[in-house]
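Q: Protein chains in written order, with the working numbering: chain S, 30 to 434; chain L, 13 to 358.
No residue lacks a Cβ here, since even glycine has one placed at the ideal position from N, Cα and C.
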């Protein structure tokens with residue numbers, strides 16, 4: 030008996046001694062992983078070296094030296110200084126990148142706000158409201174984005190009044206003017222000590238946050254929430270206002286004025302920017318609205334019924350019970366929507382918006398001719414932006430996921 | 013349009029990345045073309061006068077005629093031809109990597125392109141120049157009056173660079189609005205989004221004719237740039253360069269010698285002019301250096317006519333023409349004061 034019990038463990042351990050290199054699972058999986066990585070590395074190496082070789086054989090210039098050589102052409106919309114003939118192709122790339130980021134940034138903000146709004150309205154109990162939201166979603170989701178962009182450009186912003194009959198959006202102050210050459214804004218010129226005003230605003234915001242915290246505390250202890258709205262408003266208006274007046278109103282405006290053919294001075298954005306911004310915002314708002322609706326529907330109705338039964342008002346039910354639970358379902362499609370907004374901004378090329386594809390991959394490529402490098406740089410840029418967006422939203426996503434116990 | 017443009021651009025670039033290194037080596041382009049049985053000739057998206065599609069989907073135009081001439085010179089049959097319509101940003105890559113045998117489109121011969129893109133420009137078939145179109149009621153009569161103006165321009169050409177150069181030279185502070193598609197450019201201009209459009213004068217003449225009221229617009233007399241539009245081939249195959257260069261010269265030379273599509277048969281057998289007989293292959297051995305049949309030039313003229321005939325048909329007052337007068341322009345024969353000049357064929 031004792032022999033038996035002693036022998037059995039030995040018998041079990043035996044396969045270890047007969048370790049078969051070709052049948053061991055760890056060896057096999059390591060082998061396949063190394064093989065896959067090796068093939069991939071070889072493929073990348075092959076593509077790069079073969080491209081370089083082929084370009085050389087064909088006498089085509091290669092390398093990234095061109096980013097430091099000067100570009101001779103100009104562009105109508107740029108956020109940084111650029112002088113044709115002095116500015117480099119590298120600078121052109123940066124101008125294009127900034128223009129892409131500018132329109133995408135505003136489009137993401139607008140489409141997210143609008144999308145949330147429409148998505149919630151879509152579930153409204155009011156028949157008319159929900160059907161209007163439905164119509165919005167179905168119209169803008171089902172027409173190709175390129176068609177919408179061209180429509181907003183040719184059908185709306187090109188048909189605005191001409192320069193001579195400019196619309197004044199501020200009714201007489203000429204601070205904000207719109208015509209078919211773009212939107213012209215007066216630019217603030219900051220004087221001495223102006224920095225005190227934003228500083229005062231920061232203090233005011235800190236004060237508001239303090240007030241809210243205090244209100245929470247009191248509510249927790251006494252069950253009654255003190256009114257914070259009026260004190261907050263007073264803080265926000267009085268603090269910066271006093272600072273502004275005390276420093277002697279150090280602010281003047283650079284006004285756009287009509288000179289020759291066009292408005293000069295101020296800040297302006299071309300109609301192509303406006304058309305692209307509107308089209309992207311509206312199109313992606315429809316997509317986001319659907320994501321929001323799906324997220325809200327994913328929350329069990331028992332949750333809102335329970336919330337209503339303890340006496341919460343309907344909008345509180347939405348904001349305190351339903352939306353927080355819907356976020357885990359809303360965020361992942363939101364990530365892809367934001368990434369798509371950035372990528373879809375490249376369609377601005379159709380209406381002459383100087384984003385990175387139009388400016389760099391088209392105009393600059395035609396002037397300098399470094400096709401592989403320029404397309405590569407453009408691809409790298411889009412990939413970088415998409416991965417960055419996805420990285421930060423994934424962090425946020427982890428935070429809103431339900432903590433399961 | 014945009015999507016297909018990008019697909020062709022990517023396709024062209026992918027080909028550079030993926031094709032084996034052996035393709036570009038020793039084998040001559042002529043042998044490759046003969047083996048394939050047809051010529052692959054690259055033009056651009058339809059552009060009146062140069063390359064356009066008729067109602068049956070056939071290509072015609074000045075640049076298409078050059079394609080047909082080269083096909084006729086090689087095969088004696090101008091239909092052994094595949095016309096490739098390629099976007100302007102992929103055009104030189106597609107030529108350099110062997111997708112196209114020949115580029116015959118409105119490509120301006122510039123030093124950068126000739127020396128840095130792995131291609132060689134050969135023979136100019138149209139001398140163009142960049143100009144401005146403005147509305148007549150704007151009262152502008154010279155480009156110098158465009159100070160501070162917005163000018164609509166299409167991308168992918170030397171046009172933007174010329175415009176900026178012109179603005180810098182003359183301190184005009186012109187701001188350019190760039191479009192990928194000339195239809196959107198023209199729409200913007202017509203709606204007043206720009207004070208002027210700029211482009212090669214010949215193509216603007218074609219575009220204006222499509223405006224709602226062509227008479228309201230005028231091309232300013234100023235010429236911003238030299239735009240010799242030339243055919244190009246891959247760098248490094250001299251025999252192939254010779255074939256294309258002399259096919260274009262044959263068109264010009266035929267006009268000078270009075271050989272037309274109609275009388276070419278008669279001239280070949282009955283002409284007394286040794287220049288005609290040498291060119292059409294009745295005498296001498298001009299073909300041998302090119303590696304073609306003796307009747308190569310005869311086939312060209314038989315297929316497409318001489319340069320003057322082609323010009324009248326597509327650029328001039330012909331049925332498919334766009335009405336650009338030739339008389340007194342750079343495109344007249346040198347004997348009439350123009351620049352169309354072929355070196356002697358002897």
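Within the 8 Å Cβ cut-off, does residue 297 (chain S) reach chain L?
A: For residue 297 (chain S), the answer is no, since every Cβ of chain L falls outside 8 Å of its Cβ.
Q: Can you tell which of S:316, S:302, S:52 has the C-alpha that lies nearest to the C-alpha of residue 366 (chain S)?
A: The shortest Cα separation from residue 366 (chain S) among S:316, S:302, S:52 belongs to S:316.
Q: Could you give the C-beta distance for residue 304 (chain S) and residue 425 (chain S), rounded to a whole number, given that I count them as a contact under 8 Å?
A: Contact flag wrong, Cβ pair sits at about 31 Å.
Q: Among the residues of its own chain, which have a CB less than 8 Å from the CB of residue 219 (chain S), if the five just before and after it don't count?
A: These residues qualify, in order along the chain: 279, 280.
Q: What's the gap between the Cα of residue 70 (chain L) and the Cα of residue 275 (chain L)?
A: Their Cα atoms are separated by approximately 26 Å.
Q: Can you check DSSP and say which residues form a bridge with residue 292 (chain S)?
A: DSSP output for residue 292 (chain S) lists S:287 as bridge partner(s).
Q: Taking C-beta pairs closer than 8 Å, name the residues in chain L that residue 392 (chain S) reaches, listed in chain order.
A: Neighbours of residue 392 (chain S) on chain L, chain order: 167, 168, 172, 190.
Q: Using a threshold of 8 Å, state whether the C-beta atoms of residue 210 (chain S) and residue 192 (chain S) are closer than that.
A: Yes; because the gap between Cβ atoms is below 8 Å, this pair is in contact.
Q: Count the other CB atoms within 10 Å of the CB of residue 373 (chain S); is the residue buried (16 or more) or exposed (fewer)?
A: Residue 373 (chain S) is buried by the Cβ-count criterion.
Q: Establish whether the CB of residue 238 (chain L) and some CB of chain S are separated by less than 8 Å.
A: No, residue 238 (chain L) does not count as interfacial toward chain S.
Q: For the region 43-71 of chain L, which residues have a CB atom closer than 8 Å to at least one CB atom of chain C, in sequence order?
A: Absent from the structure: chain C. Protein chains present are S and L.
Q: Output, in chain order, the set of chain S residues within a Cβ distance shorter than 7 Å of residue 203 (chain L).
A: Those are 187, 188, 209, listed as they occur along chain S.
Q: What residues in the region 133-145 of chain L have a beta carbon less than 9 Å from any beta carbon of chain S?
A: Those would be none; no residue qualifies.
Q: Taking the continuous beta strand (DSSP E) assigned at residue 208 (chain S), which residues delimit it?
A: 205-208 is the span of the beta strand (DSSP E), which, as asked, contains residue 208 (chain S).
Q: Is the beta carbon of residue 212 (chain S) sitting closer than 8 Å to the one on residue 298 (chain S)?
A: For residue 212 (chain S) and residue 298 (chain S), yes; Cβs fall inside 8 Å.
Q: Considering only residues of the same chain and omitting the five flanking positions on each side of residue 147 (chain S), which have a CB-CB separation below 7 Å?
A: Same-chain partners within the cutoff: 162, 165, 166, 314, 318.
Q: Is residue 54 (chain L) closer than 8 Å to residue 107 (chain L) when the C-beta atoms are compared?
A: Result yes, Cβ atoms of residue 107 (chain L) and residue 54 (chain L) sit closer than 8 Å.
Q: Quick check: is the beta carbon of residue 288 (chain S) nearer than 8 Å to any beta carbon in chain L?
A: Taking Cβ atoms only, chain L reaches closer than 8 Å to residue 288 (chain S), which makes this a yes.
Q: Any idea what DSSP makes of residue 144 (chain S), helix, strand or coil?
A: Here residue 144 (chain S) sits in helix by DSSP.
Q: Tell me which residues of the region 78-105 of chain L have at least one Cβ-Cβ distance to chain S shorter than 7 Å, keeping chain order.
A: Hits within the stretch, in order: 100, 101, 104, 105.
Q: Between residue 128 (chain L) and chain S, is there a C-beta pair that is closer than 8 Å?
A: Yes, its Cβ sits closer than 8 Å to a Cβ of chain S.
Q: Please compile the residues from chain L whose C-beta is within a distance smaller than 7 Å of the C-beta of residue 323 (chain S).
A: The premise fails here: residue 323 (chain S) is roughly 29 Å from chain L at the closest Cβ pair, so nothing lies under 7 Å.
Q: What separation, rounded to the nearest whole angstrom, lies between the Cα atoms of residue 262 (chain S) and residue 249 (chain S)?
A: Roughly 23 Å between the two C-alpha positions.
Q: So which residues of chain S does residue 180 (chain L) contact, with C-beta pairs closer than 8 Å?
A: Within chain S, the residues near residue 180 (chain L) are 113, 114.
Q: Taking 8 Å as the CB-CB limit, is residue 177 (chain S) close to chain L?
A: False, the Cβ-Cβ gap to chain L never drops below 8 Å.
Q: Identify the residues that DSSP records as bridge partners of residue 162 (chain L): which are they?
A: Beta-bridge pairing links residue 162 (chain L) to L:187.
Q: Out of curiosity, what's the CA-to-CA distance linking residue 151 (chain L) and residue 379 (chain S)?
A: About 31 Å.
Q: With distances taken Cα to Cα, identify the nearest neighbour of residue 288 (chain L) among L:154, L:269, L:94.
A: With distances taken between Cα atoms, residue 288 (chain L) lies closest to L:269.
Q: Relative to the C-alpha of residue 255 (chain S), which candidate in S:244, S:268, S:96 has its C-alpha closest?
A: It is S:244.
Q: Quick check: is the beta carbon of residue 379 (chain S) nearer than 8 Å to any beta carbon in chain L?
A: Yes, contact with chain L.
Q: Skipping 5 residues on each side, what residues in its chain have a beta carbon closer than 6 Å to that of residue 221 (chain S)?
A: Excluding sequence neighbours, residue 221 (chain S) sits near 279.
Q: Determine which residues share a DSSP beta bridge with residue 197 (chain S) and list them.
A: S:206.
Q: Quick one: grab the DSSP three-state call for residue 299 (chain L).
A: Here residue 299 (chain L) sits in coil by DSSP.
Q: My guess is that residue 354 (chain L) and residue 265 (chain L) are in contact by the Cβ rule of under 8 Å, so how many angstroms apart are they, rounded?
A: With a Cβ gap of about 4 Å, residue 354 (chain L) and residue 265 (chain L) count as contacting.
Q: Which same chain residues end up closer than 8 Å to residue 332 (chain S) when comparing Cβ atoms and leaving out the 5 residues on each side of it in sequence?
A: Excluding positions up to five away in sequence, the list reads 350, 351, 354.
Q: Looking at residue 218 (chain L): is its Cβ nearer than 8 Å to the Cβ of residue 61 (chain L)?
A: Yes, the pair counts as a contact, with Cβ atoms nearer than the cut-off.
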